[in-house]
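Heads up, the sequence shown is in this note's numbering, so the first residue is 1435 and it goes up one at a time.
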Amino acid sequence: MKKAVVCLALLFLAIVLPSLSFTEDQETVLLARAVYAVARDESYEAKLAVASAALNRVDDPWHPNTLRGVLEEKHQFPIGSYYDAESLLAAHEALAGRRNLPVDVMYFHSAAGASRWDDTYLYRTIGGLSFYTRDGNR
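What follows is the structure, given as structure tokens:
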């Protein structure tokens, strides 16, 4: 009987707290939370692109050289409290080296919003997000 109660309690926690993780490292979870905050209603491809843009900034000398530093830059990436399985998968794959944006694509905004970016810098729009290069070389 006690085992059944414990199992039910663990199942309840797994359902109620989907972002609770016992095995994920902090960097992966932080990236997954940022991806979810930006692209929760977008396709997996858009989620991977957000993660790719963040990691492209880490590799760029004009941005902080840590993922936490990039994600915490002022007015750049919102970091929510939650993430879903797709956001976590996108974070894992991007950190493992699978990126779907070239290294010079580091910026994005909602495709529906007004942009101060010239279309010269537009690389691609994926779903509701537009992704931009640093210098318009595309």
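Ideal Cβ positions, reconstructed from N, Cα and C, are used throughout, including at glycine. Only a predicted model underlies this, so the values are computations on that prediction, with no experimental measurement involved.
Residues sharing a beta bridge with residue i, DSSP
i	result
H1543	S1564
R1558	F1565
Alpha-carbon spacing of residue i relative to residue j, whole angstroms
i	j	result
P1495	T1462	22 Å
E1591	V1484	Since the displayed the chain opens at 1435 and closes at 1572, residue 1591 lies outside it and no answer follows.
T1567	M1540	6 Å
A1525	P1512	15 Å
V1504	R1533	17 Å
F1542	L1464	18 Å
H1509	K1436	49 Å
V1493	A1530	The amino acid occupying residue 1493 in the given sequence is Asp; Val does not appear at that position. Looking at the two C-alpha atoms, the distance is approximately 14 Å.
V1546	A1438	Residue identity check: residue 1546 is Ala in the sequence provided, not Val. For A1546 and A1438, the distance between alpha carbons rounds to 50 Å.
T1423	L1535	Residue 1423 lies beyond the residue range present for the chain, which begins at 1435 and ends at 1572; the question has no answer from this structure.
G1562	D1538	20 Å
Burial state of residue i (16 or more Cβ within 10 Å)
i	result
S1564	buried
E1476	buried
Y1516	exposed
S1544	exposed
R1502	exposed
A1487	buried
Element boundaries [alpha helix (DSSP H), containing residue i]
i	result
Q1460	Q1460 to A1473
L1489	Y1478 to V1492
R1502	L1501 to L1505
A1528	A1519 to L1529
Proximal residues to residue i (C-beta, below 6 Å), its chain only, five neighbours per side dropped
i	result
L1522	A1466
L1489	A1528
V1472	V1484
Contacts around residue i, its chain only, beta-carbon distance under 8 Å, and the 5 residues preceding and following it disregarded
i	result
I1560	E1476, S1477, E1479, A1480 and A1483
Cutoff 7 Å; reference residue i; Cβ partners in own chain excluding five residues on either side
i	result
Y1470	G1514, Y1516, Y1517, D1518 and S1521
N1499	V1492
R1558	F1565
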